[in-house]
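Mapping of the sequence shown onto this note's numbering: residues 438 to 664, in sequence order.
All residues carry an ideal CB built from backbone N, CA and C; glycine is no exception.
Keep in mind the model is a prediction, meaning the values are calculated, not measured.
Report on the following structure.
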Amino acid sequence: MNCKYYTKICARCKKSDDYIVFDRNCTTDYNLENYENYVNFDLQQCPFCGYISDDIEKGYTMQTEETIKSKEYEYLYKYSYLQPSQKAINKNFLVSYPANLYECYSLVLFNNKDYKNATRALFKTVLLKETLVNRFTHQMEEDIEDLTNEEIAQFKSLIKSLNDSIYKNIETILNMSKNFENDIFTNLIYVECLIKLNKMQHANQLLTKLKSKLNCDLLAYLQNKIN
């Protein structure tokens, strides 16, 4: 995968800056590489006004501005649902796995009625939160002999808060995704969310309907998750 820096003008504040852009080679095939590229898309954030988009030069509307200024957006951006566990938070993890940016972007898309891409962004949020859960769990287990009971409780509270938010995100995805019966990748996100909720029979039924359209590697990837 190649990447280049491009000078872009923010659609919100009209200031320019350099952004790294990854060249993800995509074809029309429903194979594993294209699906992973679809799910693991990149975001850009303006360093001046904080505007978040998959393309900083596009997507800004008055509805976007209303969303950015909303309490819900601020709540998600600041990880406010993790506040009781702040002492246990490794800020570097949050920067490395910016679930908040994708969740905020999903909210913007949802409020702009772009439900398909809101689903995509929220699924990426789930994947990043799962990584955060794994990193914080590993950190707690690695340091447990040096932690006080209070610090262990803070770690557990942090992990629980993340898991609770993941569950809510998945429920939202399932509610949105069912409206896109003809979109293959959105349906595969739906399948993955069913798997995460351990609804294997439902996931397998949906995958069976889609398998004739999928390349062998992508089908095997999902079947392995179900079995």
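request  = With DSSP as the reference, label residue 516 as helix, strand or coil.
outcome  = coil
task = Can you say whether residue 519 is buried or exposed, counting buried as having 16 or more other CB atoms within 10 angstroms of its CB?
result = buried
ask   = Buried or exposed: residue 502, going by 16 or more other Cβ atoms within 10 Å of its Cβ?
value = exposed
key: Touching by the beta-carbon criterion (3+ pairs, under 8 Å), the stretch 492–510 and the stretch 644–662   = no
query = At a cut of 8 Å, does the stretch 630–641 reach the stretch 439–459 through at least three beta carbon pairs?
reply = no
inquiry  = Taking the straight line between their C-alpha atoms, what separation do you get for residue 594 and residue 608?
reply    = 21 Å
For residue 580: DSSP bridge partner residues = None; residue 580 has no bridge partner.
task = Identify the continuous alpha helix (DSSP H) that holds residue 472 and give its terminal residues.
result = 469–476
query = In the DSSP assignment, what are the bridge partners of residue 614?
reply = Answer is none; residue 614 lacks a bridge partner.
ask   = In chain order, which alpha helix (DSSP H) runs of at least 4 residues are fully inside the stretch 515–566?
value = 528–533, 536–548
request  = Identify the continuous beta strand (DSSP E) that holds residue 442 and give its terminal residues.
outcome  = 439–446
ask   = To the nearest angstrom, how far is it from the Cα of residue 483 to the Cα of residue 552?
value = 23 Å
task = Note down the Cα distance separating residue 592 from residue 600, rounded to an integer number of angstroms.
result = 12 Å
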